[in-house]
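Everything in the sequence shown is counted per this note's numbering, starting at 1333 for the first residue and increasing by one. Using N, Cα and C, we set each Cβ at its ideal position, and we do this for glycine too.
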Amino acid sequence: MAALAKVGLIGLAVMGENLALNIERNGFPIAVYNRTEAKTKELMATRAKGKNFIPTFTLEAFVAALEPPRKIIILVKAGAPVDALLKQLQPLLSPGDIVIDGGNSLFTDTERREKEYAQADLNFMGMGVSGGEEGALWGPSLMPGGPIVAYQAMEPILTKIAAQVTDGPCVTYIGPGGAGHYVKMVHNGIEYGDMQLIAEAYDLLKNVVGLTPAEIHDVFKSWNQGEELQSFLIEITADIFTYIDPETHQPLVELILDKAGQKGTGKWTSQNALDLGIAIPTINAAIESRIISSFKDQRVAASSVLTGPSHFYTGDKQKFIDSVASALYCAKVCSYAQGMALLAAASSEYKYNLTLTELSRIWKGGCIIRANLLDKIQQAFKHNPLLPNLLVDPEFAQELTTKQEQWREVVATAAKVGVPCTAMSASLGYFDSYRSERLPLNLTQAQRDFFGAHTYERIDKPGSFHTEWNIR
Ligand code: 2AM
């Protein structure tokens, strides 16, 4: 009988195929299965040729090819296909076997699936995988959650296939239940925020100071060489501006339709933040900006009805570019502060016991949001694990205080010129609200008491009060 595989993988779409190749390259013979046979055959005839792969064409054969306790990674479309597959697999498995869902599943689905599998003495894990195609092949950031015993069994494989940075592999045990998928969801929310802030910076460079794509490339390239903004997303943004469409000889980015979709993890981050009562205005602005972008026809029609200001920026070009860098940085710090605050709230609400220093650490490599900034975030939570908000970390507080003038200048200029920068200004609103000792919600409370006898508290004495306001 042929030797058994150490691990198995189901679902050979882009992420599955690349992750399987990564696992095999790291010394783990792997069995693979895909619903459509042709995909498996194609992989075996091409990228997996001559490698330690066991192709299988029925789930029975797949399960039989695995060394017990079986370790099965599934990368199929999130939602009903995962449930369908788990149902088919379950009768073929033995107690102690481990199934890991590496897709972008909703964390509450993962919680439910873990409980269902536990009833049959099976281990089910939900694992966030970030890094796209390249990351899956050469080292992603991995966010595994679920039974700790299952993680321990998987650890030798996961630590090898993950991205490696100076302080270790980009994987850690995230927490029980759906913790892994929860953290991946928030990671994606932060990713939405970063991408929107970068898009706004581009818009400002283009439409306030009139930079060309080649000049925008130079700006992003120089930002990526600086300590504050160095990141994967800034790096690829710089590259994007150099790509010339072979057909039209124009910069390709300017030919791309300005409509972005939003579904799944990004949207779930906002929905969950509302459920937990945590403010994440920058991430919400990113999602809403995508929604507005999708109404292209309405925007085109409205552009000839609604006239903007006739104000042009007349200040110094380079000064404005430098201010945009500071605004981008400050807004980004606020976005991460919101994401981290959401993770902290979820950790106590769902008993995930998350370690924010570890999350910052495993995001430093492999994933889409990898950035120099994460090092500083890691240090901030290391110095004070109970930090209520990243903004009050002494170093970040100092930086934002210093840079705020430039940040305000950018948001004010954008408002005057009529260029939308919803995420940058949402971040500024967050900063100003969070640092306000007194907000005007005393008036809100008075109104609520006026029309609904909701009662209010006072600042000068304890208790709950109601007033008959209608004394006209
Ligand atoms: P396919 O190649 O047969 O379509 C991403 O869509 C991956 O999920 C693909 O590998 C796809 O297999 C797989 N997939 C989608 N729905 C599935 C299901 N119900 N059962 C098994 N695999 C599924």
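Selection from the options that minimises the alpha carbon distance to residue i
{"i": "I1572", "options": "M1457, K1553 and D1590", "result": "K1553"}
{"i": "S1626", "options": "K1591, T1639 and A1617", "result": "K1591"}
{"i": "K1276", "options": "T1580, S1621 and T1787", "result": "The structure shown has nothing for residue 1276, since the chain only spans 1333 to 1804."}
{"i": "N1685", "options": "K1373, L1660, P1508 and K1735", "result": "P1508"}
{"i": "L1286", "options": "A1334, L1561 and E1374", "result": "Residue 1286 falls outside the range modelled here, since the chain spans only 1333 to 1804, and no answer is possible."}
{"i": "V1749", "options": "V1540, Y1661 and I1588", "result": "V1540"}
{"i": "H1643", "options": "A1746, I1568 and M1486", "result": "A1746"}
{"i": "E1369", "options": "A1334, T1388 and N1354", "result": "T1388"}
{"i": "T1498", "options": "I1791, A1412 and R1693", "result": "R1693"}
{"i": "I1653", "options": "G1542, L1706 and A1450", "result": "G1542"}
{"i": "L1278", "options": "H1715, T1687 and K1595", "result": "With the chain covering only 1333 through 1804, there is no way to say anything about residue 1278."}
{"i": "D1707", "options": "P1794, L1391, G1467 and E1559", "result": "E1559"}
{"i": "Q1484", "options": "Y1505, N1704, I1342 and A1669", "result": "Y1505"}
{"i": "T1574", "options": "R1379, A1546 and Q1711", "result": "A1546"}
{"i": "E1737", "options": "Y1661, P1361 and Y1534", "result": "Y1661"}
{"i": "S1322", "options": "V1346, K1651, L1705 and A1380", "result": "The question about residue 1322 has no answer, for the chain in this structure spans 1333 to 1804."}
{"i": "G1609", "options": "E1681, S1635, R1780 and L1589", "result": "E1681"}
{"i": "G1593", "options": "R1770, N1802, Y1524 and Q1670", "result": "Y1524"}
{"i": "K1683", "options": "N1802, Y1514 and R1702", "result": "Y1514"}
{"i": "R1780", "options": "A1617, A1669 and N1802", "result": "N1802"}
{"i": "K1383", "options": "E1769, P1400, H1715 and N1354", "result": "N1354"}
{"i": "G1607", "options": "P1794, L1771 and A1678", "result": "Sequence check: residue 1607 is Asp here, not Gly. Comparing Cα-Cα distances from D1607 to each of P1794, L1771 and A1678, the minimum goes to A1678."}
{"i": "R1379", "options": "G1348, T1687 and A1393", "result": "G1348"}
Inter-residue Cα distance where the pair is residue i and residue j
{"i": "G1359", "j": "G1761", "result": "50 Å"}
{"i": "E1356", "j": "A1605", "result": "38 Å"}
{"i": "I1619", "j": "I1522", "result": "11 Å"}
{"i": "D1526", "j": "S1462", "result": "15 Å"}
{"i": "H1519", "j": "G1697", "result": "13 Å"}
{"i": "E1789", "j": "R1767", "result": "21 Å"}
{"i": "W1739", "j": "T1776", "result": "29 Å"}
{"i": "T1440", "j": "T1544", "result": "46 Å"}
{"i": "A1396", "j": "D1725", "result": "53 Å"}
{"i": "G1460", "j": "G1477", "result": "8 Å"}
{"i": "I1615", "j": "L1722", "result": "16 Å"}
{"i": "A1482", "j": "M1457", "result": "8 Å"}
{"i": "A1363", "j": "P1423", "result": "19 Å"}
{"i": "K1306", "j": "A1352", "result": "An answer regarding residue 1306 cannot be provided, because it is not within the stretch 1333 to 1804 covered by the chain."}
{"i": "P1641", "j": "P1720", "result": "40 Å"}
{"i": "E1448", "j": "P1479", "result": "13 Å"}
{"i": "T1787", "j": "A1611", "result": "24 Å"}
{"i": "Q1557", "j": "M1486", "result": "37 Å"}
{"i": "P1583", "j": "D1764", "result": "38 Å"}
{"i": "T1580", "j": "P1488", "result": "50 Å"}
{"i": "D1823", "j": "L1398", "result": "Because residue 1823 is not part of the residues shown, which for the chain are 1333 to 1804, the question remains open."}
{"i": "L1418", "j": "L1561", "result": "42 Å"}
{"i": "N1350", "j": "R1367", "result": "17 Å"}
{"i": "T1442", "j": "Y1534", "result": "38 Å"}
{"i": "F1385", "j": "K1735", "result": "54 Å"}
{"i": "Q1630", "j": "S1602", "result": "25 Å"}
{"i": "L1808", "j": "L1773", "result": "It is not possible to answer for residue 1808, since the shown part of the chain is limited to 1333 through 1804."}
{"i": "E1567", "j": "L1589", "result": "22 Å"}
{"i": "K1634", "j": "K1628", "result": "Rather than Lys, the amino acid found at residue 1634 in this sequence is Ala. Cα-Cα distance, rounded: 10 Å."}
{"i": "E1446", "j": "F1783", "result": "47 Å"}
{"i": "P1413", "j": "R1444", "result": "15 Å"}
{"i": "I1623", "j": "D1415", "result": "29 Å"}
{"i": "A1744", "j": "P1361", "result": "58 Å"}
{"i": "K1371", "j": "G1671", "result": "38 Å"}
Nearest-angstrom beta carbon gap, residue j and residue i [assumed within contact, 8 Å]
{"i": "V1503", "j": "A1511", "result": "Actually they are not in contact, since the Cβ atoms of V1503 and A1511 sit about 13 Å apart, beyond 8 Å."}
{"i": "L1454", "j": "L1490", "result": "Going by Cβ atoms, the distance from L1454 to L1490 rounds to 19 Å, so no, they are not a contact pair."}
{"i": "L1421", "j": "V1751", "result": "The Cβ separation is near 52 Å, so there is no contact."}
{"i": "T1597", "j": "K1516", "result": "7 Å"}
{"i": "R1402", "j": "G1464", "result": "That belief does not hold up - the Cβ atoms of R1402 and G1464 are roughly 28 Å apart, past 8 Å."}
{"i": "W1555", "j": "A1676", "result": "Not confirmed; about 29 Å, so no contact."}
{"i": "T1689", "j": "F1713", "result": "4 Å"}
{"i": "F1564", "j": "I1700", "result": "6 Å"}
{"i": "A1673", "j": "V1742", "result": "Not really, about 24 Å apart at Cβ, beyond 8 Å."}
{"i": "A1758", "j": "P1613", "result": "4 Å"}
{"i": "H1798", "j": "A1785", "result": "6 Å"}
{"i": "Q1496", "j": "G1471", "result": "6 Å"}
{"i": "C1753", "j": "E1532", "result": "4 Å"}
{"i": "K1538", "j": "I1530", "result": "No, K1538 and I1530 are not in contact; Cβ-Cβ is about 13 Å, not under 8 Å."}
{"i": "L1336", "j": "Y1365", "result": "About 15 Å separates the two Cβ atoms, so there is no contact after all."}
{"i": "A1755", "j": "Q1528", "result": "4 Å"}
Determine, using beta-carbon pairs with one atom in the segment 1431-1439 and one in the segment 1401-1417, whether at least three such pairs fall under 8 Å.
-> Using a Cβ-Cβ distance cut-off of 8 Å, the segment 1431-1439 and the segment 1401-1417 are in contact, since at least three pairs of beta carbons, one from each stretch, lie closer than that value.
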